[in-house]
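**Q** Below is one structure. I have some questions about it.
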Amino acid sequence: MTLLLGGCAPKQLSPHGQGLPERVELSDVPFFALSDSQGGPSALAMLLNHQGVISSPGLLDQLISESGRAVDEPAGLTFAAQHHELLVYPLPSSLEALLQQVAAGNPVLLAYKPLLGMGPVQFAVLVGFDRREEVLILRSGNNRRALIGLGRFDSAWASAGHWAVILTPTHRLPAQAELSRWQTGVAGLRNQGLEEAAQHAERTARRYWPQ
1 MTLLLGGCAP
11 KQLSPHGQGL
21 PERVELSDVP
31 FFALSDSQGG
41 PSALAMLLNH
51 QGVISSPGLL
61 DQLISESGRA
71 VDEPAGLTFA
81 AQHHELLVYP
91 LPSSLEALLQ
101 QVAAGNPVLL
111 AYKPLLGMGP
121 VQFAVLVGFD
131 RREEVLILRS
141 GNNRRALIGL
151 GRFDSAWASA
161 GHWAVILTPT
171 HRLPAQAELS
181 RWQTGVAGLR
191 NQGLEEAAQH
201 AERTARRYWP
211 Q
């Protein structure tokens, strides 16, 4: 366990966020040690295997590189997830939105800068939180359980542009689903030529958001 606690004022959750459980940890999310300096393929492999898609950091690195995309950028990771016909659902830029997904059993793939604006972006998987201790639990780098304070994380996440997504099968909506964000995920599948998966996701949307 690695501690990344200090450096920023405590982050206070909004009143809406206060309805979250006190503590959640998705201990069944697998762990892959760092595959490259920024951890993108490793983090993505964790989420894919959690969804039942057998993969590895090495296979994902090869897939992304052969597509001409970069393994250390969100676009490359998004492509690889869509290649496996999973919908990539973008999350709002609020800490509460991330915690809501984790509380619902959905690990979150995210980008952050642990050095608070300095150094490269790192990719990690948010798997838990403890509101009493005011910490998040990440799969990050070579650390299966990296603890980071809410305030420090919020600043580190903002430094990387607040990028965070979940991966979901096209038949299952995430917690607190929003139609516009689901449609963004559908468009991503269609842009990759995955028309059948995109249509399946559209049928899911029509059941939840009838016209």
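Straight run, no breaks: the sequence shown in the numbering used here ends on number 211. Ideal placement from N, C-alpha and C gives every residue a C-beta, glycine not left out.
By a C-beta neighbour count over all protein chains shown, 10 Å radius and 16 as the cutoff for buried, is Gly128 buried or exposed?
**A** For the purposes of this step, residue 128 is identified with residue 128 of the sequence shown, where counting begins at 1. Answer is buried; the Cβ neighbour count reaches 16.
**Q** Between which two residues does the alpha helix (DSSP H) holding Ala158 run?
**A** For the purposes of this step, residue 158 is identified with residue 158 of the sequence shown, where counting begins at 1. Taken as a continuous stretch (DSSP letters only), the alpha helix (DSSP H) holding Ala158 covers 150-159.
**Q** Is it the case that the Cβ atoms of Val165 and Leu95 are separated by a distance below 7 Å?
**A** The residue labelled residue 165 in the question sits at position 165 within the sequence shown. The residue labelled residue 95 in the question sits at position 95 within the sequence shown. Not in contact: Val165 and Leu95 (Cβ atoms no closer than 7 Å).
**Q** Taking three-plus beta-carbon pairs below 8 Å as touching, is the region 135-151 in contact with the region 32-50?
**A** Because the criterion of three Cβ pairs below 8 Å is met, the region 135-151 and the region 32-50 touch.
**Q** For Ala81, which residues from the same chain have a beta carbon less than 6 Å from its beta carbon, with the 5 sequence-adjacent residues on both sides left out?
**A** Mapped onto the sequence shown, residue 81 falls at position 81. The residues are Val88, Leu167.
**Q** According to the neighbour-count rule (16 or more other Cβ atoms, all chains shown, within 10 Å of its Cβ), is Ala33 buried or exposed?
**A** One-based indexing of the sequence shown puts residue 33 at position 33. Result: exposed.
**Q** Kindly indicate which three-state DSSP category Asp28 falls into: helix, strand or coil?
**A** Against the sequence shown, residue 28 aligns to sequence position 28. In the structure shown, Asp28 sits in coil (DSSP, three-state: anything other than H, G, I, E or B).
**Q** Within a Cβ cutoff of 6 Å, which residues of the same chain sit near His171, ignoring the five residues on either side of it in sequence?
**A** Locating residue 171 in the sequence shown gives position 171, where the first residue counts as 1. The answer, listed in chain order, is Thr204.
**Q** In the DSSP output, which residue or residues are listed as bridge partners for Ile166?
**A** Here residue 166 refers to the residue found at position 166 of the sequence shown. Tyr89.
**Q** Give the DSSP bridge partners of Leu110, in chain order.
**A** Walking along the sequence shown from the start, residue 110 turns up at place 110. Leu110 is bridged to Ala124, Ala164.
**Q** Assuming Gln100 and Ala175 are in contact, meaning their beta carbons sit under 8 Å apart, how far apart are those beta carbons, in whole angstroms?
**A** Position 100 of the sequence shown holds residue 100. Position 175 of the sequence shown holds residue 175. Yes, Gln100 and Ala175 are in contact; Cβ-Cβ is about 5 Å, under 8 Å.
**Q** Just to confirm my understanding: we take His200, look at its own chain, exclude 5 residues before and 5 after, and list those with CB closer than 7 Å. What are they?
**A** By one-based count along the sequence shown, residue 200 stands at place 200. Only Thr170, His171 meet the Cβ criterion.
**Q** Per DSSP, what are the beta-bridge partners of Arg139 in this structure?
**A** Mapped onto the sequence shown, residue 139 falls at position 139. DSSP, once it has assigned bridges, lists Val125 as partnering Arg139.
**Q** By how many angstroms is the C-alpha of Tyr112 removed from the C-alpha of Trp157?
**A** As a first step, residue 157 must be located in the sequence shown, where it is residue number 157. As a first step, residue 112 must be located in the sequence shown, where it is residue number 112. When rounded, the distance between both Cα atoms is 4 Å.
**Q** Assign Asn106 to one of two classes, buried (16 or more other C-beta atoms within 10 Å of its C-beta) or exposed (fewer than that).
**A** Counted from its first residue, the sequence shown places residue 106 at position 106. Buried is the call here.
**Q** So what's Arg131 in DSSP terms, helix, strand or just coil?
**A** In the sequence shown, counting from the first residue as 1, residue 131 sits at position 131. Arg131 falls in the coil class under three-state DSSP.
**Q** Under the rule that 16 or more other beta-carbon atoms within 10 Å means buried, what is Ser37, buried or exposed?
**A** As a working note, residue 37 is residue 37 in the sequence shown. When all chains shown are included, Ser37 counts as exposed.
**Q** Taking 7 Å as the limit between beta carbons, can you name the residues of its chain near Met118, skipping five residues before and five after?
**A** Here residue 118 is taken as the residue at index 118 of the sequence shown, counted from 1. Result list for Met118: empty, nothing under 7 Å.
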